């Protein structure tokens, strides 16, 4: 699909009725990471890890523009959606959640201001997991490692983190705020044709399979996603985040182009 | 501009989780209760479970903690007290919980206040279930735990005889070249007792019937060969009528027909003492 076709498709999707965003019942601070996430249930009982519009990693919330919308929330949402395309998801599902005004006014960042109300990004919480930080040695089922490496390579993972289930049988990529183009949007990267480089979490390196055959299945899966399915994950992004259809279309085009370079990038690992 | 719609049963509340921290240095808190304040509904409520502290009932510590917590609860506004200053505004409610959090750093602690939407008494129950109520354990885990508890009771009862190591979980008993497995066995080479747990819950009734049928088929052979006795510990159906009760009667009749004792799992303490008495008596006879 070229840029014009993507824009057309996104415009069509724009016209469709949107479901109501889940409303958060309450939120409590989680961890001490840069984006200062919160955790809590929606009013319908699903547990989320939520990032707010005014999280500390959004550096220009009061100064967003069509070429420079919020960075962390759209990246989290898009990557969280794309991760669900894999048969075994690469990450927890992400969706837009609503923080009611009353909750926002009474919930603060740690030693900081109140959180912003309105549409935010929520990742479904996966209970019973441990956080894996970059410096730890960690081995997982091979397929999970391979899937995460392919996912990170495809979506230009940066400042990556992961969760492992308490029994070590599953791994999930989390924290995708800096994916796609880093800490801020980089139009040159989005509109250019830079080569794709392999992204491998350091704790995988000792246990990564020694040949490309182990990656074949996941690479085939990635190539099997229809372009339409990929493009659709760039629709229905809240207008409050400043992402225009044009910007979303450029981002979708960038991600489609990157897909073509993943296999070559993976081959450079050996 | 965001439109705020007040949904039915969505009031702004504040809650804190009450924690018991037996050793504030080790800092291993146990959630024992929840406080919820809702100025808009003039509601101030709490649900606290002293049992969750693990403090033995009847001790002075238990009595003190009970009266101390009652003191906290009596200062809460309650849903009929519309004049309490704690409920005069959102900020005063939040400030009250903040001060509890900041000023309690020892055995009893309170989490920082969290704002939440909901009908306050419903929210109180929801949060109590979420933070305090024991987690529901899946059926097979519950059985495993019951077997382990039974093993502990048996070992405890056999300590005075110096035979607590005679209690084995999942023993394999060989009779005429065939292997038979039971949940618990009391043996020192020779099998004295075989015990099994049968639970009568709707989700595992077929399994229980199969186990009961197996017993009725094999037990006489095992008993003739080993001279052992068998006891089936039953976890009776919750309702004593209907199809589950029919299953219960049928299975227990099968096993009793082949000489297996049927006892309630709740009686394990008595069962263990009876076994200890009998084994003690046997030991005395052998030494005569």
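Protein chains in written order, with this note's numbering: chain R, 127 to 396; chain C, 15 to 302.
C-beta: ideal position from N, C-alpha, C; glycine also.
Owing to the predicted nature of the structure, the values given are computational and were not obtained by experimental measurement.
Sheet register partners of residue i (DSSP bridge)
i: residue 25 of chain C; result: C/132
i: residue 183 of chain C; result: C/198
i: residue 194 of chain R; result: R/191
i: residue 167 of chain R; result: R/173
i: residue 479 of chain R; result: This structure leaves residue 479 of chain R out entirely; chain R is present only between 127 and 396.
i: residue 297 of chain R; result: R/290
i: residue 162 of chain R; result: BP columns for residue 162 of chain R are empty, so no partner.
i: residue 150 of chain R; result: R/168
i: residue 247 of chain R; result: R/177, R/222
i: residue 208 of chain R; result: Note: residue 208 of chain R sits in no beta bridge, so no partner.
i: residue 351 of chain R; result: Residue 351 of chain R is not bridged to any residue.
i: residue 44 of chain C; result: C/34
i: residue 243 of chain C; result: C/207
i: residue 156 of chain R; result: R/163
i: residue 269 of chain R; result: Its beta-bridge partners do not exist; DSSP assigns none.
Short Cβ contact (8 Å threshold) for residue i with residue j
i: residue 182 of chain R; j: residue 162 of chain R; result: yes
i: residue 247 of chain R; j: residue 199 of chain R; result: yes
i: residue 134 of chain C; j: residue 103 of chain C; result: no
i: residue 269 of chain R; j: residue 205 of chain R; result: no
i: residue 180 of chain C; j: residue 226 of chain C; result: no
i: residue 356 of chain R; j: residue 381 of chain R; result: yes
i: residue 391 of chain R; j: residue 320 of chain R; result: no
i: residue 178 of chain R; j: residue 225 of chain R; result: yes
i: residue 245 of chain C; j: residue 275 of chain C; result: yes
i: residue 194 of chain C; j: residue 248 of chain C; result: no
i: residue 127 of chain C; j: residue 57 of chain C; result: no
i: residue 168 of chain C; j: residue 219 of chain C; result: no
i: residue 83 of chain C; j: residue 114 of chain C; result: no
i: residue 223 of chain R; j: residue 174 of chain R; result: yes
i: residue 31 of chain C; j: residue 145 of chain C; result: yes
Local Cβ density within 10 Å of residue i, reported as buried at 16 or more and exposed below that
i: residue 313 of chain R; result: exposed
i: residue 173 of chain C; result: exposed
i: residue 94 of chain C; result: Low confidence applies to residue 94 of chain C: its pLDDT is 44, below 50, so where it sits in the model is not reliable, and the reading given next is rough at best. Looking at its Cβ environment, which holds fewer than 16 other Cβ atoms inside 10 Å, residue 94 of chain C is exposed.
i: residue 273 of chain R; result: buried
i: residue 68 of chain C; result: exposed
i: residue 177 of chain C; result: buried
i: residue 386 of chain R; result: exposed
i: residue 305 of chain R; result: buried
i: residue 288 of chain R; result: buried
i: residue 437 of chain R; result: In the structure displayed, chain R extends from 127 to 396; residue 437 of chain R sits before or after that span and is not available.
i: residue 280 of chain C; result: exposed
Interface flag, residue i vs chain R, CB-CB below 8 Å
i: residue 212 of chain C; result: no
i: residue 108 of chain C; result: yes
i: residue 26 of chain C; result: yes
i: residue 104 of chain C; result: yes
i: residue 93 of chain C; result: Below a pLDDT of 50, predicted positions are generally treated as unreliable, and residue 93 of chain C, at 48, falls in that range; no measurement from the model is reported.
Within-8 Å CB hit, residue i to chain C
i: residue 152 of chain R; result: yes
i: residue 169 of chain R; result: yes
Output needed in chain order: residues of the stretch 110-140 of chain C with a Cβ under 7 Å from some Cβ in chain R.
128, 129, 130, 131, 132
Near-chain C residues of the stretch 354-377 of chain R - C-beta to any C-beta below 7 Å
none
To be precise: take each residue of the stretch 206-237 of chain R, compare its Cβ to all Cβ atoms of chain C, and keep it if any distance is under 7 Å. Which residues remain?
226, 227, 228, 229, 232, 233
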